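In the numbering used here, the protein residues as written are 2 to 436. For each residue, glycine too, the CB sits at the ideal point set by N, CA and C. Please read all numbers here as calculations on a predicted model, not as lab measurements. Some notes on the structure that comes next.
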Ligand code: UDX
């Protein structure tokens, strides 16, 4: 199959590289010449484990190309995937579809034969209908199909998720789209990955429902964590106790500082707007969003409480800035409100993140934060240590050495990566989440 992918962000680049690795010919198109030049030099614009070698080997085999020009990529194309960004629109939380519609408009004007246009970006219900309308208005050749094929990949595990998906979801309203997509995913089909064929609108909604449900699990366990703290129970044991019930499942029940990233915050808000427009009240998702916002904004107060009511004049070491490990992504990271509020309240923050430091700086206050070159430098002389992101390298710190390097004894473990006894043995006043 010959595939064109428009947009070389997370979803576009990973999908393009993986499709090429299946043996298809893939051209990735992006308007940003800097990104394309980087990719041609085999430099990745995003930090994703394994992506550079996957890109390099498929480029070398002549199956993967990068370009800024759409027209030369289109002849013989069977499918064109739209993988451009759909950020939250300022003000109303709706998904901003400007990039999607601009890409479709340009595509319609340049196509000379019918193709299957597939949305891979997360797009609100009805976007496929809108795309079909634009194709028609802009004079695309007769016989184009529009399908929805949402992506469920997690940052940091994106390639494995793409190649070993729990399911492949295909929303199509005609046979041609179903056939082309079945052929594209044939290598996975042979691996017995379940392929679900549903209507286009159903596929679009399923993506939002999946993310909203996962976000619900997190907000739920975070509420249970607060309750555990209040009544003297252990949220990790509660999570295990409920998670072993097959109907609940053990995953996505880690209590923490609230969810962040490029998907959950934006998709839950967009789902609420869709529901509102459809005249349906989504009370659960509404609560999930509120619980998460309150949680992220409440982390600084937790530090303040641990420090006896004030952080003014104190030095707080913050380990981990990105929204989760194995990514440099800072979007909606819980560290952002935490560090900003700590500094506002008069603390001095010494921060360290293994890969996210440069991406973090624009989100942090200009004064009041220093960036350390390693965890021990960050910890040096601190009154409190807050572990915000569970990078592997923070899991096996020499707690005795950490305690000796600090001035104070507060350890706020927002990801529950240590045990109380070991922390207390090293002399810490240990403050986990929900235990
Ligand atoms: C998510 C979905 O998992 C993926 O299917 C979708 O396509 C995009 O959004 P991602 O944003 O990469 O992927 O990260 P994920 O690993 O799902 O974590 C999201 C957030 O939830 C992180 O902030 C993480 O720390 C938090 N989280 C996750 C918890 O607080 N507790 C958990 O148990 C799981």
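**Asked** How would you call residue 36, buried or exposed, if buried means at least 16 neighbouring beta carbons within 10 angstroms?
**Response** Sequence index remark: in the chain shown, residue 36 carries index 35 (1-based). So residue 36 counts as buried.
**Message:** In the DSSP output, what is residue 196 paired with across the bridge?
**Reply:** Taking the chain shown and counting its residues from 1, the one referred to as residue 196 is at position 195. Answer is 169.
**Request:** For residue 423, verify whether its CB is less than 7 Å away from any heavy atom of the ligand UDX.
**Result:** The count along the chain shown starts at 1 and reaches residue 423 at position 422. No - the ligand UDX has no heavy atom lying nearer than 7 Å to the Cβ of residue 423.
**residue 190 - containing alpha helix (DSSP H), residue span** = As a working note, residue 190 is residue 189 in the chain shown. Note, residue 190: alpha helix (DSSP H), 187-191.
**Message:** When you measure from the CB of residue 49 to every non-hydrogen atom of the ligand UDX, does any distance come out below 7 Å?
**Reply:** Reading the chain shown from its first residue, position 48 is the one you call residue 49. When distances are taken from the beta-carbon of residue 49 to the heavy atoms of the ligand UDX, even the shortest one reaches 7 Å or more.
**Prompt:** Taking the continuous beta strand (DSSP E) assigned at residue 319, which residues delimit it?
**Reply:** On the chain shown, residue 319 is found 318 positions in, with the first residue counted as 1. Residue range 316-320 is occupied by the beta strand (DSSP E) that includes residue 319.
**Message:** Measuring only the C-alpha atoms, how far is residue 375 from residue 360?
**Reply:** What you label residue 375 is simply residue 374 of the chain shown in a count that begins at 1. What you label residue 360 is simply residue 359 of the chain shown in a count that begins at 1. Rounded to whole angstroms, residue 375 to residue 360 spans 16 Å at the Cα level.
**Item:** Reduced DSSP category for residue 263 - H, G, I as helix; E, B as strand; rest coil
**Value:** Mapped onto the chain shown, residue 263 falls at position 262. Secondary structure of residue 263 (DSSP, three-state): coil.
**Prompt:** Shorter than 8 Å from the beta carbon of residue 194 to some beta carbon of chain D?
**Reply:** Within the model displayed, chain D is absent; a lone protein chain is all it includes.
**Prompt:** Would residue 12 be called buried (16 or more neighbouring beta carbons within 10 Å of its own) or exposed?
**Reply:** As a first step, residue 12 must be located in the chain shown, where it is residue number 11. So residue 12 ends up on the buried side.
**Asked** Under the DSSP definition of a beta bridge, which residues are partnered with residue 177?
**Response** On the chain shown, position 176 is the one that residue 177 refers to. Paired residues: none, contrary to the question.
**Prompt:** Which residue's Cα is closest to the Cα of residue 174: 404, 290 and 182?
**Reply:** Against the chain shown, residue 174 aligns to sequence position 173. Nearest C-alpha to residue 174: 182.
**Request:** Counting only runs of 3+ residues fully inside the segment 269-343, write out the beta strand (DSSP E) ranges in chain order.
**Result:** For the segment 269-343, the continuous beta strand (DSSP E) assignments of 3+ residues that do not extend past its boundaries occur at 316-320, in sequence order.
**Request:** Please name the residue, chosen from 202, 195 and 244, that lies closest to residue 219 on a Cα-to-Cα basis.
**Result:** Position 218 of the chain shown, counted from the first residue, corresponds to residue 219. The residue with the shortest Cα to Cα distance from residue 219 is 244.
**Request:** Identify, in the order they occur along the chain, each residue of the same chain with its Cβ nearer than 8 Å to the Cβ of residue 298, setting aside the five sequence neighbours on each side.
**Result:** Along the chain shown, one-based indexing puts residue 298 at 297. Cβ within range, chain order: 338 and 342.
**CB of residue 101 within 8 Å of CB of residue 81, strictly** = Counting from 1 along the chain shown, the entry for residue 101 is found at position 100. Counting from 1 along the chain shown, the entry for residue 81 is found at position 80. If you check the CB distance, residue 101 and residue 81 do not come in under 8 Å.
**Prompt:** With DSSP run on the structure shown, which of helix, strand or coil describes residue 345?
**Reply:** Here residue 345 corresponds to residue number 344 of the chain shown, with the count starting at 1. Here residue 345 sits in helix by DSSP.
**Message:** Give me the DSSP bridge partner(s) of residue 432.
**Reply:** Counted from its first residue, the chain shown places residue 432 at position 431. In DSSP, residue 432 forms a bridge with 413.
**Item:** Contacts around residue 152, its chain only, beta-carbon distance under 7 Å, and the 5 residues preceding and following it disregarded
**Value:** Mapped onto the chain shown, residue 152 falls at position 151. Residues 12, 16 and 121 of the same chain have their beta carbon placed closer than 7 Å to that of residue 152, with the five preceding and five following residues left out of the count.
**Message:** With distance defined between alpha-carbon atoms, name the residue in 132, 193, 368 and 56 nearest to residue 160.
**Reply:** Within the chain shown, residue 160 is the residue found at index 159, counting from 1. Closest option to residue 160, Cα to Cα, is 56.
**Item:** Run of the beta strand (DSSP E) containing residue 28, from where it starts to where it stops
**Value:** Walking along the chain shown from the start, residue 28 turns up at place 27. Unbroken beta strand (DSSP E) run through residue 28: 26-30.
**Asked** Do residue 153 and the ligand UDX come close, with the Cβ less than 7 Å from some heavy atom?
**Response** Here the question's residue 153 lines up with position 152 in the chain shown. Checking the Cβ of residue 153 against the ligand UDX gives yes.
**Request:** For residue 117, name the three-state secondary structure that DSSP assigns.
**Result:** Counting from 1 along the chain shown, the entry for residue 117 is found at position 116. Assignment of residue 117 by DSSP, reduced to helix, strand and coil, places it in the strand class.
**Item:** Contact the segment 65-83 vs the segment 20-37: 3+ CB pairs below 8 Å
**Value:** Contact holds: three or more Cβ-Cβ distances are below 8 Å.
**Message:** My assumption, with CB atoms under 8 Å, is that residue 262 sits in contact with residue 335. Please give the rounded CB distance.
**Reply:** One-based indexing of the chain shown puts residue 262 at position 261. One-based indexing of the chain shown puts residue 335 at position 334. Going by Cβ atoms, the distance from residue 262 to residue 335 rounds to 10 Å, so no, they are not a contact pair.
**Message:** If the criterion is Cβ atoms closer than 8 Å, does the pair residue 315 and residue 410 meet it?
**Reply:** For the purposes of this step, residue 315 is taken as the residue at position 314 of the chain shown. For the purposes of this step, residue 410 is taken as the residue at position 409 of the chain shown. Here residue 315 is not near residue 410, since their CB atoms are 8 Å or more apart.
**Message:** Considering only their Cβ atoms, is the gap separating residue 147 from residue 133 smaller than 8 Å?
**Reply:** Stepping through the chain shown from its first residue, residue 133 is reached at position 132. Stepping through the chain shown from its first residue, residue 147 is reached at position 146. In this structure, residue 147 lies closer than 8 Å to residue 133 by Cβ.
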